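Take 385 as the starting number for the sequence shown in this note's numbering and just add one per residue.
Working notes for the structure below.
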Amino acid sequence: MPVWLIESVGGGELQKAFYLIAFMTAPVWLAMVFFPKQPIVKHLAHPLVLPPCFCVVSGLLLWNAYQNGVLPSWLSGFGYKEAQNFSRQPMAFLMLFCNWQIVNLALGTAMYQRALRGKFRMPIELMLCWVFGAWALLPFAIRLLVRGERFR
């Protein structure tokens, strides 16, 4: 299905889906930043608890796209142009964006768990991880080095 047709018919729904994906992890991030010592946050904010649960959303997007026939045809090759064309499809972009949110959350919860073991707070690094992902590892690593902690 052409991109222009998908965007013209389902533009409003695509926008809603984008916001849903963008903010689906917000409660976890805000809880890790503002309530890091709460027992429920300590339990749920783990890389193997919530990120796999959010994978269900990614699976639902894939299923929905497959059922509606809006995914691009299989790639004829594997290269930059093919990947670029794939990501230009609205549903493919939403799936990639959802995956990015899940990976950021997995990284953020791993950093949060490490901070709990080290008995320190790191709200700035968590907010950076929510927005920029792996870039938050730089200030996190610097914080660990300054504190004289090991990378375990």
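Ideal Cβ placement from N, Cα and C applies to all residues, glycine included.
Because the structure is a prediction, the values reported are computed rather than measured.
- For the 8 Å CB-CB criterion, residue 493 and residue 401 do not form a contact.
- With a cutoff of 8 Å on beta-carbon distance, residue 486 and residue 439 are scored as near each other.
- The Cβ neighbour count for residue 474, taken over all protein chains shown within 10 Å, is at least 16; the residue is labelled buried.
- The C-beta distance from residue 523 to residue 510 rounds to 10 Å, too long to fall under 8 Å, and the pair is not in contact.
- Looking at the backbone, the Cα of residue 497 and that of residue 436 are separated by about 16 Å.
- Here residue 504 has 527, 531 as same chain residues with Cβ atoms under 8 Å from its own Cβ, once five neighbours each way along the sequence are excluded.
- Closest in C-alpha terms to residue 444, from the list 521, 501, 533, 476, comes 476.
- Comparing alpha carbon positions, the residue from 464, 449, 491 closest to residue 433 is 491.
- Judged by beta-carbon spacing, residue 507 lies within the 8 Å limit of residue 417, meaning their Cβ atoms are closer than that value.
- Taking the CA atoms as reference points, residue 420 sits about 15 Å from residue 409.
- If you check the CB distance, residue 479 and residue 520 do not come in under 8 Å.
- Per DSSP, reduced to three states, the secondary structure at residue 402 is helical.
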